[in-house]
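This note's numbering applies: residue 19 is where the sequence shown begins, and numbers increase by one. Ideal Cβ positions, reconstructed from N, Cα and C, are used throughout, including at glycine. None of these values were measured; they are calculated from a predicted model. Below is one structure, written out as structure tokens, with a few remarks after it.
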Amino acid sequence: MVMKNTKKQGISAATGEKIFDAFIYITLAVCFLLWLFPLLYVFLASVTPYEDVVKASLVIFPSRITLEGYRFIFDNSNMVQAFGNTTFITVAGTLLSMAISILMAFPLSKKDLPGRGLILKLLVFTMYFSGGLIPTYLVVKNLGMTNTIWSMIIPGLVSTYNLLLIKSYFESMPAGLLDAALIDGCSPMRTLIQIVLPLSLPVLMSVMLFYMVGYWNTYYAYVIYCYDMDLRPLQVVLRDIISKATGETEAEGYIPTITVQMSAIVFACIPIICVYPFIQRHFTKGVMLGAIKG
């Protein structure tokens with residue numbers, strides 16, 4: 019009798035687990051479709067003729083493929099120069115941000131660092147209170163960086179959140195490993211480069227992606243600090259294109275406004291989407307580790 023009850027309970031538990039797993043899979047599938055739909059819609063609308071986009075509230079299968087929106091973007095703006103500016107801002111900014119964040123995080127991960135507590139408190143303070151727009155502008159102006167490409171890089175060079183994320187990961191490393199390197203004659207810099215950094219790839223890749231996306235979407239810094247049209251980053255140029263398309267639509271009656279908007283979104287997203295697959299494995303692991311250790 020006892021064995022029969024145990025069997026029934028086992029079967030019941032297994033059935034419950036299967037139902038729960040099925041519910042989880044269905045929920046994840048629905049979430050995936052909800053997240054995928056906007057991307058597909060934007061891409062399809064960018065290659066769909068303007069008249070079809072206007073007629074249909076939802077574009078699924080375009081009647082024909084057109085690159086009218088992309089042609090409008092390249093014919094009506096200095097896209098190559100803007101793309102080059104944004105690429106420089108992203109590459110230079112990411113490299114400098116990563117270098118400074120790592121060089122700050124490594125000593126702060128040492129509990130015997132003099133003044134460590136005060137420095138960490140000051141860092142956390144900046145997460146809650148900023149200097150304000152006008153003081154920040156005055157600092158940038160007094161440093162002679164206004165209307166230069168560096169004004170879109172230097173002011174936001176280090177993110178406190180990213181810095182603390184790297185510091186927390188460095189702290190989790192076995193102390194014996196670092197002590198062994200010290201006994202073998204490694205200097206702190208050599209220990210950082212040859213031991214700590216290779217073991218920290220997950221969190222470094224995650225932070226690097228955060229910095230890359232932030233610099234790639236540079237818009238606000240140009241509006242505040244620059245006025246030279248040759249320094250416009252990609253996001254500013256794309257915004258100008260959309261505004262121009264809207265103005266010409268009102269004046270001439272036919273410019274593919276929606277198509278241009280969707281084409282601009284696709285063009286701005288493609289570089290980051292192309293980079294992400296190469297660091298996806300490290301990024302996923304880094305996010306998980308950050309959630310556990312942070």
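- Residue state for Lys128 is assigned as coil, using DSSP reduced to three classes.
- Boundaries of the alpha helix (DSSP H) around Phe188: 178–189.
- Annotated as proximal: Met230 and Thr112, with beta-carbon spacing under 8 Å.
- Counting along the chain, no alpha helix (DSSP H) covers Gly174, and no H or E run does either.
- For the set Gly34, Ile120, Lys128, Thr178, the Cα lying nearest the Cα of Ser148 is the one of Thr178.
- For Pro251 against Ile107, the beta-carbon gap comes to about 6 Å, under 8 Å, which counts as contact.
- Following the DSSP letters along the chain, one finds Asp70 inside the alpha helix (DSSP H) bounded by residues 68–73.
- Contact check for Ser218 against Tyr187 passes: the beta carbons are separated by less than 8 Å.
- Pairing Leu249 with Val98, the inter-Cα distance amounts to about 12 Å.
- Just so you know, the alpha carbons of Phe61 and Ser281 end up roughly 7 Å apart.
- Apart from the 5 residues on each side of it in sequence, Ile260 sits with its Cβ closer than 7 Å to the Cβ of Val278, Gln279, Ala282 in its chain, given in chain order.
- In the three-state scheme derived from DSSP, where H, G and I count as helix and E and B as strand, Tyr245 is classed as coil.
- Here Trp234 is buried: its Cβ has 16 or more other Cβ atoms, across all protein chains shown, within 10 Å.
- In this structure, the straight-line span from the alpha carbon of Gly102 to that of Val142 is close to 35 Å.
- The residues Ser115, Ile118, Ser119, Met122, in chain order, have a CB closer than 8 Å to that of Val176 in the same chain once the five nearest residues on each side in sequence are set aside.
- The continuous alpha helix (DSSP H) containing Thr154 extends over residues 151–160.
- Assignment of Arg250 by DSSP, reduced to helix, strand and coil, places it in the coil class.
- Counting along the chain, Phe92 sits inside the alpha helix (DSSP H) bounded by residues 86–93.
- Shown here, Thr236 sits in coil according to DSSP, grouped into three states, outside any helix or strand.
- Val142: member of the alpha helix (DSSP H) spanning 134–146, first to last residue.
- Residue burial is scored here from C-beta neighbours: Tyr88 has at least 16 other C-beta atoms within 10 angstroms and is therefore classed as buried.
- For Thr209, the uninterrupted alpha helix (DSSP H) segment begins and ends at 206–209.
- Here the alpha carbon of Phe38 sits roughly 58 Å from the alpha carbon of Thr164.
- For Asp202, there is no enclosing alpha helix (DSSP H), as DSSP marks it with neither H nor E.
- For a cut-off of 8 Å, the C-beta gap from Tyr245 to Val254 is around 11 Å, too long to register as a contact.
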